[in-house]
């Protein structure tokens with residue numbers, strides 16, 4: 179006798195939340211759903227888990243099939259399992275998310291797929307529980323960005339402190355005090371001042387900086403300040 | 179036409195990782211699996227998602243059915259989806275975990291269920307990918323405990339600093355320098371010195387402390403030191 183017989187077999191879906199920073203704003207990649215229910219409504223990039231793939235593989239396949247995007251490192255966020263979340267039939271969905279440099283991947287996103295970037299602040303209403311997924315991904319992004327310098331990687335090779343501050347302000351949807359922000363960023367030891375200035379933003383201009391890649395490598399997990407050398411254990 | 183027809187319908191399982199601190203060591207709650215395959219082998223508490231429940235509800239039901247434990251707040255850890263992870267048939271499993279005060283729940287764990295606590299450091303080999311699940315839960319616990327004072331809640335109302343240090347040493351499986359540990363803990367402002375001393379451990383004795391619940395409430399998320407008042411956004 180087995181406990182497996184007669185059990186509830188269901189569909190397992192994957193939905194991908196892709197945030198893209200364009201140098202100024204955070205955007206969200208969406209597609210128009212190609213089939214019923216909710217055909218032609220805006221949706222995250224989703225699909226069903228297939229027999230021959232793991233969830234990570236499925237997330238990458240779905241993203242590539244629907245947008246052309248390849249090689250994006252996505253992180254498992256959470257499984258959504260409300261009973262009626264898909265009106266067609268019981269489906270649990272594993273949400274994956276990533277934050278990318280929009281320009282770096284721009285060319286990969288092929289016209290034929292009808293994927294579109296929306297300003298995160300102006301995104302349309304999404305199908306099913308996809309709005310909840312996006313909200314949770316934003317929360318996770320804020321949590322991670324407060325602990326790890328992940329946002330530094332989204333800027334161009336040479337960047338200014340106002341650019342960095344603008345990115346943080348986008349992610350946290352708030353304004354930071356300029357002087358405090360500069361002081362905190364400088365104190366991380368993560369950036370190195372260059373000689374040139376960007377004069378496009380103000381007459382006085384803003385110095386260019388670059389990421390200190392060696393320090394970044396060391397500090398990537400060095401947020402752990404209660405446990406001595408905690409990064410050793412992670 | 180629908181995209182749902184002919185899709186791959188599979189089993190979705192839940193597995194529960196329950197760590198229990200007994201005042202001295204971290205323990206892991208296990209059961210002997212009651213059915214094939216791997217009958218009578220040590221296993222996490224697991225079961226299949228039913229039609230009328232969400233994953234959170236399923237995790238609570240499974241834990242209660244197999245151990246008697248109720249009201250334990252478990253957190254979704256990750257979905258495990260390797261293709262052959264369950265030799266019987268394709269099953270993805272959502273791992274949940276919790277860290278509890280073993281003594282507080284001791285009475286709930288009924289004899290009839292054959293659940294047993296094992297020292298985490300001496301646990302038997304588990305079925306399927308359950309060892310991987312436990313390892314990931316340990317990692318997540320270390321990450322969380324480095325950022326939030328969650329471990330403070332596991333101690334009795336009156337506790338000593340050596341007791342707290344011992345708990346941290348259990349979780350991180352290492353020894354901390356006594357003086358540094360005391361200094362860091364005191365600097366958090368999370369604990370209040372009491373008058374009495376515990377003399378069981380040494381002739382000199384160790385002062386009792388209690389958690390400052392008001393500060394704890396404030397500091398619970400106050401690890402975020404890069405973004406000013408980041409806890410506002412989480």
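Chains as they are written, first to last, in my numbering: chain A, 179 to 412; chain B, 179 to 412.
Note that beta-carbon positions come from the ideal geometry of N, C-alpha and C, so glycine has one too.
Exercise for the section: For residue 257 of chain B, return the contacting residues in chain A, with the cut-off set at a CB-CB distance below 7 Å. Expected result: 233, 254, 257 and 272
Exercise for the section: Would you identify the three-state DSSP class for residue 179 of chain A, choosing helix, strand or coil? Expected result: Because residue 179 of chain A carries a pLDDT of 42, less than 50, the predicted location of this residue cannot be relied on, and no value is offered for it.
Practice task
Return no unless some Cβ of chain A is closer than 8 Å to the Cβ of residue 325 of chain B.
Solution key: yes
Exercise for the section: Leaving aside the five residues before and after residue 239 of chain A along the sequence, list all residues of the same chain whose C-beta is less than 7 Å from its C-beta, in chain order. Expected result: 231
Exercise for the section: Give me the Cα-Cα distance between residue 292 of chain A and residue 280 of chain A, rounded to the nearest whole angstrom. Expected result: 16 Å
Handout entry: Rounded Cβ spacing between residue 414 of chain A and residue 185 of chain B (contact assumed at less than 8 Å)
Key = There is no way to answer for residue 414 of chain A, as the model of chain A reaches only from 179 to 412.
Handout entry: Nearest-angstrom Cα separation, counted from residue 364 of chain B out to residue 336 of chain B
Key = 16 Å
Problem - residue 196 of chain A versus residue 375 of chain A: straight-line alpha-carbon distance, rounded - result: 32 Å
Handout entry: Beta-ladder partner(s) of residue 223 of chain B, from DSSP
Key = B/194
Practice task
Say whether chain B places a C-beta atom closer than 8 Å to the C-beta of residue 343 of chain A.
Solution key: No, residue 343 of chain A lies away from the interface with chain B (no Cβ there is under 8 Å from its Cβ).
Problem - Min CB distance residue 370 of chain B to chain A below 8 Å - result: no
Practice task
Measure the alpha-carbon distance for residue 327 of chain A versus residue 278 of chain A and round it to whole angstroms.
Solution key: CA-to-CA, the gap between residue 327 of chain A and residue 278 of chain A works out to about 14 Å.
Exercise for the section: Compute the distance between the beta-carbons of residue 350 of chain A and residue 368 of chain A, then report whether it is under 8 Å. Expected result: Contact: no.
Handout entry: Cβ neighbours of residue 447 of chain B in the same chain (closer than 7 Å, five flanking residues each side left out)
Key = This structure leaves residue 447 of chain B out entirely; chain B is present only between 179 and 412.
Handout entry: Length of the line joining the Cα atoms of residue 381 of chain A and residue 371 of chain A
Key = 19 Å
Problem - Contact with chain B by residue 190 of chain A, beta-carbon distance below 8 Å - result: yes
Exercise for the section: Count the other CB atoms, across all protein chains shown, that sit within 10 Å of the CB of residue 211 of chain A; report buried if there are 16 or more and exposed otherwise. Expected result: Buried.
Exercise for the section: Using a Cβ-Cβ cut-off of 8 Å, state whether residue 331 of chain B counts as contacting chain A. Expected result: Cβ-Cβ to chain A under 8 Å: no for residue 331 of chain B.
Problem - Residue span of the alpha helix (DSSP H) that contains residue 356 of chain A, given as start and end - result: 356–365
Problem - Buried/exposed call for residue 396 of chain B, threshold 16 Cβ in 10 Å - result: exposed
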